[in-house]
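What follows is one structure encoded as structure tokens, with my remarks underneath.
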Amino acid sequence: MPTNRDRPTMQDVADRVGVSKALVSLVFRNAQGPSAETRQRVLAAADELGYQVNRAAALMTAKRTHLIGVVANIRSPFHTELVEDIVAEADAAGYEVVLGAVTPTHPESAVLETLLSFRCEALILLGPELGETKLADLAERVPVVVVGRRTSCPAVDVVRTADARGIGKVVDHLVTLGHRRISHLGGGSGTIPADRKAGYLRAMKRHGLTDESDVIDGDLTENSGIAAARLLLERARRPTAVVAANDQSAIGLLDQLLRAGIQVPRDISVAGYDDSVLARLAHIDMTTVSQEPRQQAESAVKAVVGRLDNGRTERLDVVLEPRLVLRRTTG
């Protein structure tokens, strides 16, 4: 038994079994050499002693880490859901996920360097804002999968939904309900908001409503939706429906309209994009578009495994069909 120490060591495990420390190390690294019986005895002794493998030290000497770095914006409910699905898919494939959280004080560039310092073998980037040059540079270091947006970088795999078609489906639905004055709450200048804005404008044109097109500048936050609602309330001629670039901004819009006494959907219909957990809550129950996060997660992890384990070198571009989800905020 270990003495005068807070935690048992690898040597303690070796002494308990009566083998060398080097052999115990082989067992913990799942390396070839030890017999099945020896492995069982070592693991049983480790369990009895309460020994825990020093993961950091093991990674320093291992040829492979089987770690996938995932970069996500922790303020996005959709990213949170995606991460949960990616972790499940990675676990099934024999990989572990190291999460890099993007925050206002911790930008993508810093997160990426941290994940690479942990020796992540590949990176999955959720809705990244990196430019094409930086993506290409990153792909020269490790396999990279971009989830949620387009990129022309030939070395980067892409998994996304057809955002322009998704927004178009919302506009089609609203037009079917009789709406003509349909506004779009934009999500900023990134690739994802740009695709959704383009989808809105094309759909309005398709229905002969170009003159009614109205894009309200914003971003992908609740505050953007609040500001847009205040702007609309000041107008003498308001839209009868608003389709937002994502659920977060749509929820901010919805909240402010309800506070002002506007009945949704009687006075103004509201739709979002992402089908996030918040949109599904009974008191919100918002019409939105599903990006099929489980399918995206499965495709992203398969892309990583394909490069790391199967030697795939050709670019993968997976485009999923978005699904309109009808709820009570449109009518």
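Here the sequence shown stands for residues 1 to 331, numbered as in full-length UniProt numbering.
Even glycine gets a Cβ: it sits at the ideal position worked out from N, Cα and C.
What you are looking at is a predicted structure, and each value in this text was computed from that prediction instead of being measured.
- When secondary structure is reduced to three states using DSSP, residue 268 falls in the coil class, being assigned neither helix nor strand.
- For residue 298, the enclosing alpha helix (DSSP H) starts and ends at 293-308.
- Secondary structure at residue 73: strand, using DSSP grouped into helix, strand and coil.
- Excluding five sequence positions before and after residue 11, the CB atoms of its chain that fall closer than 6 Å to its own CB belong to 21, given in chain order.
- Looking at the DSSP output, residue 103 shares a beta bridge with 106.
- If the five residues before and after residue 331 are omitted, its C-beta is found closer than 8 Å to the C-beta atoms of 177, 265, 266, 269, all from its own chain and listed in chain order.
- The segment 200-285 contains, as complete beta strand (DSSP E) runs of 3+ residues, the segments 214-216, 241-244, 269-271 (chain order).
- By the C-beta criterion, the segment 287-295 is judged to be in contact with the segment 320-329, since at least 3 inter-stretch pairs fall below 8 Å.
- The DSSP-derived three-state label of residue 288 is strand.
- Boundaries around residue 173 are those of the alpha helix (DSSP H), 163-176, since no beta strand (DSSP E) includes it.
- Contact check for residue 26 against residue 34 passes: the beta carbons are separated by less than 7 Å.
- In the three-state reduction of the DSSP assignment, residue 24 falls in the helix class.
- With a contact defined as Cβ atoms closer than 8 Å, residue 144 and residue 125 qualify at about 7 Å.
- Rounded to whole angstroms, the separation of the alpha carbons of residue 75 and residue 115 is 19 Å.
- Check the Cα spacing between residue 292 and each of 100, 321, 272, 271: the tightest is with 321.
- Residue pairing by DSSP places residue 157 opposite 145 in a beta bridge.
- Residue state for residue 140 is assigned as coil, using DSSP reduced to three classes.
- Here the alpha carbon of residue 258 sits roughly 14 Å from the alpha carbon of residue 242.
- Where residue 39 is concerned, the enclosing alpha helix (DSSP H) starts and stops at 36-49.
- Your pair residue 164 and residue 196 checks out as a contact, with CB atoms roughly 7 Å apart and the cut at 8 Å.
- Excluding residues up to 5 positions away in sequence, 252 lie with their Cβ nearer than 7 Å to the Cβ of residue 223 in the same chain.
- Put simply, of 238, 316, 295 the residue whose alpha carbon is nearest the alpha carbon of residue 303 is 316.
- For residue 325, the enclosing beta strand (DSSP E) stretches over residues 323-325.
- In the three-state DSSP reduction, residue 117 falls in the helix class (H, G or I).
- Between the segment 296-311 and the segment 232-239 there are fewer than three C-beta pairs closer than 8 Å, too few to call the two in contact.
- In this structure, residue 250 keeps its C-beta atom at 7 Å or more from the C-beta atom of residue 218.
- A residue is called buried when at least 16 other Cβ atoms come within 10 angstroms of its Cβ; residue 230 does not meet this threshold and is exposed.
- Inter-segment contact for the segment 91-107 and the segment 62-72 is present: three or more beta-carbon pairs are separated by less than 8 Å.
- Assignment of residue 125 by DSSP, reduced to helix, strand and coil, places it in the strand class.
- Measuring C-alpha to C-alpha distances from residue 49 to each of 32, 36, 14, 38 identifies 14 as the nearest.
- Nearest Cα to residue 187 within the set 181, 180, 199: 199.
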